[in-house]
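The sequence shown begins at 3 in the working numbering and counts up one residue at a time.
Ideal Cβ positions, reconstructed from N, Cα and C, are used throughout, including at glycine.
All remarks here apply to the structure that follows.
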Amino acid sequence: MLIAGLFFTLMNVGVKYIHNIPAYEIVFFRALVSLVVCYIMLVQKKIHPWGNNKRDLIFRGIFGTAGLMMYFYTIHEMPLASAVTIQYLSPIFTIIIAGFMLKESPRPIQYLFFLVSFTGVVMIKGFDPRVSIADLVIGVSAAVCSGFAYNFIRKLKSTDDPLVVVLYFPLVTVPVIGIYTAFHWVTPNAIEWMILIAIGLATTVAQIYMTKAYQLEKASNVSNFNYLGSVYAVLIGYFFFGEYIGLLALLGIVLIIVGVLLSSRFRTQ
């Protein structure tokens, strides 16, 4: 999950950088690259690409597509820090949904550690008054969809290979978003083409490692590691973009790490 978080952070940076390309077009190219890469890997490993539990695979793709569209929209419409922070609500919904969908009830104390991590995120990102109510609702809805998608990934662990689970995400996204993209096309320049491809590759790597994490471990134990993405974001901003890390941000990083470590220590029974 640590590797997945790093590549998701790189994806976020790429999405924010190509602000001239609409969110739906970025989602389409991201999915197209993932579809090609995953299919090639499945063929090489001689794994049947269509999977076994097709119903849950399709649901994983639907929730993933909906969540991604709304998330990329918020990245374009609000400051990156605010969009990413709202998306970090997804572990809360992941744990809640896992309780009734997978019957994986976390220990009560894990909710405390979860709150500690989220407090750290708030300290790093802060509250941004430029975020409208509509954008906030869209961002929270994206987090809810992500929570469902993560639980379907966990549910599919006993029936399908991680690569098949990853494949169904773009398999749903490409035809759904592709039609709209064809009628609202914005031609990228050379640099934007390279970034679009890089976003697709980074996301594919992140999806593969995230899928393996959710299939190997209980959802409530994995979801808290999503918060490490904010740590990656702060460090990348500092070392590559010269963004100053204030005292509150440093304290926030400490809280996130403490929350993650304690949540991992007191695993779900």
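- C-alpha of residue 121 to C-alpha of residue 89: approximately 14 angstroms in a straight line.
- Excluding residues up to 5 positions away in sequence, 88 and 91 lie with their Cβ nearer than 8 angstroms to the Cβ of residue 142 in the same chain.
- Here the C-alpha atom of residue 67 lies approximately 19 angstroms from the C-alpha atom of residue 53.
- By the criterion of a C-beta distance shorter than 7 angstroms, residue 118 is surrounded in its chain by 257, 260 and 261, once the five residues flanking it on both sides are discounted.
- In this structure, the CA atom of residue 169 is about 9 angstroms from the CA atom of residue 210.
- For the pair residue 37 and residue 173, the CB atoms are nearer than the 8 angstroms cut-off.
- Judged by DSSP in its simplified three-state form, residue 106 adopts coil rather than helix or strand.
- Check the Cα spacing between residue 101 and each of 196, 152, 51 and 202: the tightest is with 152.
- Cβ-Cβ separation between residue 78 and residue 25: approximately 5 angstroms, consistent with a contact (criterion under 8 angstroms).
- Boundaries for residue 248: no alpha helix (DSSP H) harbours it, and the DSSP string shows neither H nor E there.
- Out of 19, 10 and 238, the CA that lies nearest to the CA of residue 193 is found in 19.
- Taking the Cβ atoms as the reference, residue 204 lies roughly 5 angstroms from residue 13, within the contact range of under 8 angstroms.
- Taken through DSSP and simplified to helix, strand or coil, residue 92 comes out as helix.
- Excluding five sequence positions before and after residue 149, the CB atoms of its chain that fall closer than 6 angstroms to its own CB belong to 92, 95, 96 and 99, given in chain order.
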